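Below is one structure, written out as structure tokens; comments come after it.
In this note's numbering, the protein residues as written are 477 to 596.
Have a look at this one:
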């Protein structure tokens, strides 16, 4: 099953918080969001608004752009992990003996480079 954007965002926020050795309570108080809601966001069960994401990132003292780059890399890694050398998905490759082979047509947007971020 594909990784959902809200799950990737939650994973990134949780990794950041844990790497700072901070508790959910500390971050939720600083971000002015309920502890339960922050927990739901981290577990990928709730889709956070851009305002809420900005508040959480401010509380974690990490730029929102860094979180989004991390999410982009996670989604890209997950997407490419299921591919074969010719670009077909692993599932399609396993069914190569059948008469019809569908190709994965998802578009992956590369993460911005440091130069692109500096120019913006």
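All residues carry an ideal CB built from backbone N, CA and C; glycine is no exception.
Fair warning: this is a prediction, and the values are worked out from it, not measured in the lab.
Problem - the segment 495-513 / the segment 521-537 touching (three or more Cβ pairs under 8 Å) - result: With the rule of 3 Cβ pairs closer than 8 Å, the segment 495-513 counts as touching the segment 521-537.
Exercise for the section: Check residue 525 in the structure and name its three-state DSSP category. Expected result: It is coil, neither helix nor strand.
Exercise for the section: Assign residue 484 to one of two classes, buried (16 or more other C-beta atoms within 10 Å of its C-beta) or exposed (fewer than that). Expected result: The residue in question, residue 484, is buried, as its Cβ has 16 or more Cβ neighbours within 10 Å.
Practice task
To the nearest angstrom, report how far apart residue 526 and residue 481 are at their CA atoms.
Solution key: When rounded, the distance between both Cα atoms is 13 Å.
Problem - CA nearest to the CA of residue 588, picked from 554, 556 and 545 - result: Of the candidates 554, 556 and 545, the one whose C-alpha sits nearest the C-alpha of residue 588 is 545.
Handout entry: For residue 538 and residue 500, the rounded distance between their alpha carbons
Key = So the two alpha carbons sit approximately 16 Å from each other.
Practice task
Would you mind sorting residue 493 into buried or exposed? The rule is 16 or more other CB atoms within 10 Å of its CB.
Solution key: Looking at its Cβ environment, which holds 16 or more other Cβ atoms inside 10 Å, residue 493 is buried.
Handout entry: Beta carbon of residue 517 nearer than 8 Å to that of residue 479
Key = No. Outside cutoff.
Problem - Exposed unless 16 or more other CB atoms sit within 10 angstroms - verdict on residue 504 - result: It counts as buried.
Handout entry: Proximity winner among 515, 514, 521 and 536, relative to residue 495 (alpha-carbon distances)
Key = Of the listed residues, the one whose Cα sits closest to residue 495 is 536.
Exercise for the section: Identify the continuous alpha helix (DSSP H) that holds residue 517 and give its terminal residues. Expected result: For residue 517, the enclosing alpha helix (DSSP H) covers residues 511-518.
Practice task
Report, in whole angstroms, the separation of the C-beta atoms of residue 550 and residue 487, which I expect to be a contact under 8 Å.
Solution key: Correct: roughly 7 Å between the Cβ atoms.
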